[in-house]
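Trainee: If you scroll down you'll find the structure; I have some questions about it.
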Amino acid sequence: MGGGALETNCLTNGETESSLHRQFSPAPAALDNSLSDANDAVADHDVPAKRARLQKELTFQDMYQNEGVFDEDDEDDSDWEPFQLHKCVEFEIKKWCCRNCTMINLDCNDCCYICGEHRESKILSLGFFASPLAQDDDLIEVQGDVKRLKDDVGCNSLGFIVITFETSSAVIIYNHLAVACGLERGDVGWEAQLQIYLSLIYIFVDVGSQKSVPNSSTAIGFDERMLLHAEVDKKSPPHPERPDRLQAIAASLSRAGIFPGKCYAIPAREITPEELITVHSLEHIESVEVTTESLSSYFTPDTYANQHSALAARLAAGLCADLASAIVSGRAKNGFALVRPPGHHAGVRQAMGFCLHNNAAVAALAAQAAGARKVLILDWDVHHGNGTQEIFEHNKSVLYISLHRHEDGKFYPGTGAAEEVGSMGAEGYCVNIPWSRGGVGDNDYNFAFQHVVLPIASEFNPDFTIVSAGFDAARGDPLGCCDITPSGYAHMTHMLNTLSGGKLLVILEGGYNLRSISSSATAVIKVLLGESPGCELENSFPSKAGLLTVLEVLKIQMKFWLSLGPIFVNLESQWRMYCFQKKSAMERQSFRLLWTDLNLRGPCLICIEQEDGDGMEVIANIDVEVLYQISSKDVHFDVNKDVSEGQLMDIDDIVIVEVVGFVNAEADMYGAEYNCVPI
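First residue of the sequence shown: 1, per full-length UniProt numbering; consecutive thereafter.
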């Protein structure tokens, strides 16, 4: 393909990630047009019958599209007067997009109605340390006397100029547009001019200061040019996969003293075509490269590219490959790839789901080239990594395990069912743990790790471990809608760190709430540095849905992994025992019948039924004539005893149920319903 005209792929399984994003935000067009359509909504009180009848027959869609409502041949309405409508037309609804989660808010609200972030939040400069409720007067930004380096100005290949803060080791990287402006401190309006380029300002590392970091074992992969990958057509709300994601994480790491400080940066390198061809087809590589010829282009409706996207994708893949090689060779103990665009949706032949090149796949093959024989890829992104699975589904040297929302294929991208286990001799080397609903949190993930992930990974015994670390399953993410905390991510990292001798590479994938992604990434890197993940997760019992998902996966995967058999038998027996005890408890419930509520006179038979999964089951028949003698009292009975004798039970043994009917032979009152009052 040439000229930047890219083929648009139609996704059939589930909605695109951007459509999931849009469901949480008001329709901007509807807000903007609500007042401008007022002229069409105002009419004279004597509306012709024809028009009224026509409007009554219109569908909602017709009304929305204004089709056939007002035809040119309708009666003359020249005498119609708009009264004071001009005052409404002049009114404009103002909106703002949340800096943290991108949701649209009305101007009358200062805090986001979705995430609660203040509209003037400084999360881009302070990271998750910034207060979400208001501007941070108590926190001091990384500021100082900004001056241009007169003699030794650091620039990269794109012409970024490096400006150093005297009060910090941080460096601010400005886009080449700032260089072209030739701005000097003291120039009229120089501060205002610099604000124009705020979206491309990035608090980054003074690479020279990294030389002073002693015995650092955790490597960070980053290059500021990846920030140039952005959607050209600015929309409201903005695209969730935006440069702010990296900026918020870096600001958090800087304020925490982690990077720069405790970690060191590896030099950036662009991946070569020879390396990419081992993962992607030539057509795919060329389709990404051709985007440099266009200002803006799209692979799918939600996967954009600009003229810098191909470079950003090559840098991301190159950094992941070099981090993997450094860890396998022992030059680094572990690493974190702070990269974008993400990659786990990118397959052999297609870019999709915000992803261009598959960074995890490139890193896995680079690790094997450096000496790792077996590689584990653990994907905890909330979306299934369909691209990674496709690339390795026939490969027994790479084990792919994914935990993701699936919901019977209704959640993007629709792949990743538990039955997808690999093929062509590699069955069992693809393990999918598909959650059946949203809201999944720490307990379910911890339970899946303990009973599926770690047993399989230990049996596989990898030489190198890669984490496709999407943080869109984090609490507060607008797309994932799950509930993992930073502590939950830290514990998962700690468990994975026990594999492959601690040779672990974490690669950033998704995550679109800036506060969630930055706090979670910081928690993960702290574990990589050797810090404890904190206290054990409290009450780590799974939800019922989570347990059933784990049982489903175990039943399928135990055919390929011997260690899972005993785990499945044990869990299934516990589940059966739980169900049996619950059913038995329901059958042994005691009941209280309020005699005065029934107000019966004469002999009758009361039939009490209880729902038991398969329908209504008769559990007691009481001869009311026996109980008639004590009609002034409440009648208590236990279905485990001979209730026909009308035995009175202690009030402490009573559990309330519903009396669904009774038979009164004389009054013919069969079928009447009475509800007992709960104790």
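The beta-carbon is built from N, C-alpha and C at its ideal position, and this holds for glycine as well. This structure is a prediction, so every number in the text was calculated from the model and none was measured.
Under a Cβ-count criterion, where at least 16 other Cβ atoms within 10 Å of its own Cβ denotes burial, should residue 402 be classed as buried or exposed?
Mentor: Buried, since its Cβ has 16 or more Cβ neighbours within 10 Å.
Trainee: At what residue ranges does the stretch 436-477 contain a whole run of the beta strand (DSSP E), taking only runs of 3 or more?
Mentor: Taking only runs of at least 3 residues, the beta strand (DSSP E) segments lying wholly in the stretch 436-477 are 464-469.
Trainee: In three-state DSSP terms, what is residue 279?
Mentor: DSSP places residue 279 in coil when its eight states are reduced to three.
Trainee: Keeping to the same chain, check which residues put their C-beta closer than 7 Å to that of residue 454; ignore five residues upstream and five downstream.
Mentor: Hits under 7 Å: 495.
Trainee: By Cβ distance, which residues of its chain are closer than 6 Å to residue 614, with the 5 residues on each side in sequence left out?
Mentor: The pLDDT assigned to residue 614 is 46, lower than 50, so where the model puts this residue is not dependable, and the model offers no usable value.
Trainee: Let me check understanding here. Comparing Cα to Cα, which of 515, 512 and 432 lies closest to residue 553?
Mentor: The option with the nearest alpha carbon to residue 553 is 432.
Trainee: In chain order, what residues of the same chain lie with their CB nearer than 8 Å to the CB of residue 394, ignoring the 5 residues before and after it?
Mentor: So the qualifying residues of the chain are 422, 423, 424, 425 and 426.
Trainee: Residue 521 to residue 491, Cα distance in whole Å?
Mentor: Going from the Cα of residue 521 to the Cα of residue 491 covers about 12 Å.
Trainee: What is the C-beta distance between residue 316 and residue 341, in whole angstroms, given that I count them as a contact (C-beta under 8 Å)?
Mentor: Rounded, the Cβ-Cβ distance is 7 Å, consistent with contact.
Trainee: For residue 96, which three-state DSSP category applies?
Mentor: In this structure, residue 96 counts as strand in the three-state DSSP scheme.
Trainee: May I ask which residues mark the beginning and end of the alpha helix (DSSP H) holding residue 312?
Mentor: Taken as a continuous stretch (DSSP letters only), the alpha helix (DSSP H) holding residue 312 covers 309-328.
Trainee: Would you say the stretch 374-392 touches the stretch 300-317, given that touching needs at least three Cβ pairs under 8 Å?
Mentor: Flag = no, the stretch 374-392 and the stretch 300-317 do not touch.
Trainee: Can you look up residue 579 in the DSSP assignment and give me helix, strand or coil?
Mentor: Residue state, collapsed to three classes: helix.
Trainee: Are the beta-carbon atoms belonging to residue 291 and residue 310 less than 8 Å from one another?
Mentor: For residue 291 and residue 310, yes; Cβs fall inside 8 Å.
Trainee: In the DSSP assignment, find the alpha helix (DSSP H) that holds residue 524 and state where it starts and stops.
Mentor: From DSSP, the alpha helix (DSSP H) with residue 524 extends over 514-528.
Trainee: Look up residue 228 in the DSSP assignment and say whether it is helix, strand or coil.
Mentor: Residue 228: helix per DSSP, three-state reduction.
Trainee: Roughly how far, in whole angstroms, is the beta-carbon of residue 344 from the beta-carbon of residue 276, given that I think they are within contact range, below 8 Å?
Mentor: Actually they do not touch by this definition, with Cβ atoms about 16 Å apart.
Trainee: With residue 328 and residue 372 assumed to form a contact (beta carbons below 8 Å), what rounded beta-carbon distance in angstroms separates them?
Mentor: Indeed they touch by this definition, with Cβ atoms about 5 Å apart.
Trainee: Let's see if you can read the secondary structure: which residues bound the alpha helix (DSSP H) around residue 489?
Mentor: From DSSP, the alpha helix (DSSP H) with residue 489 extends over 486-496.
Trainee: Quick check on residue 461: buried or exposed, where buried means 16 or more other Cβ atoms within 10 Å of its Cβ?
Mentor: Exposed: under 16 other Cβ atoms inside 10 Å.
Trainee: Alpha carbon to alpha carbon, how far is residue 244 from residue 225?
Mentor: Cα to Cα, residue 244 sits roughly 13 Å from residue 225.
Trainee: Among residues of its own chain, excluding the 5 on either side of residue 336, which ones have a beta-carbon nearer than 6 Å to its beta-carbon?
Mentor: 220, 506 and 525.
Trainee: Is there contact between the stretch 379-391 and the stretch 463-471, where contact requires at least three CB pairs shorter than 8 Å?
Mentor: In short, these stretches touch, since the Cβ pair count reaches three.
Trainee: Find the nearest neighbour of residue 435 within the set 129, 416 and 485, judged by alpha-carbon distance.
Mentor: The residue with the shortest Cα to Cα distance from residue 435 is 416.
Trainee: Closest by CA to residue 681, which one among 122, 129 and 484?
Mentor: Any question about residue 681 goes unanswered here, given that the chain covers just 1 to 679.
Trainee: Less than 8 Å between C-beta atoms, sequence neighbours within five positions excluded: which residues of the same chain meet that for residue 326?
Mentor: So the list reads 219, 266, 332 and 335, once near-sequence residues are dropped.
Trainee: Three or more C-beta pairs closer than 8 Å, one from the stretch 440-449 and one from the stretch 477-484: is that the case here?
Mentor: Yes: the two stretches touch, three or more of their Cβ pairs being nearer than 8 Å.
Trainee: Taking all protein chains shown into account, decide if residue 577 is buried (16 or more other Cβ within 10 angstroms of its Cβ) or exposed.
Mentor: Exposed, by the Cβ-count rule.
Trainee: With a 10 Å radius around its C-beta and 16 neighbouring C-beta atoms as the bar for buried, classify residue 390 as buried or exposed.
Mentor: By the neighbour-count rule (16 or more Cβ atoms within 10 Å), residue 390 is buried.
Trainee: Could you tell me the alpha carbon to alpha carbon distance between residue 352 and residue 579, rounded to whole angstroms?
Mentor: Residue 352 and residue 579: Cα-Cα distance of roughly 43 Å.
Trainee: Expressed to the nearest angstrom, what Euclidean distance is found between the alpha-carbon atoms of residue 710 and residue 127?
Mentor: For residue 710 there is no data in the structure shown, the boundaries of the chain being 1 and 679.
Trainee: Which stretch, first to last residue, makes up the beta strand (DSSP E) that contains residue 305?
Mentor: Looking at the DSSP string, the run of the beta strand (DSSP E) that includes residue 305 is 303-306.
Trainee: How about residue 477 and residue 519: do their beta carbons lie closer than 8 Å?
Mentor: Cβ atoms of residue 477 and residue 519: not closer than 8 Å.
Trainee: For residue 513, collect the residues of the same chain with a Cβ closer than 7 Å to its Cβ; drop the 5 residues on either side in sequence, then sort them by chain order.
Mentor: Same-chain partners within the cutoff: 100, 101, 115, 474, 476, 477 and 478.
Trainee: Am I right that residue 541 and residue 500 are in contact with their C-beta atoms under 8 Å? What's the rounded C-beta distance?
Mentor: Wrong, their Cβ atoms sit about 29 Å apart, outside the cutoff.
Trainee: At the level of alpha carbons, what is the spacing between residue 172 and residue 122?
Mentor: Because the pLDDT at residue 172 is just 37, under 50, the model does not fix this residue reliably, and the value given afterwards should be weighed accordingly. Looking at the two C-alpha atoms, the distance is approximately 16 Å.
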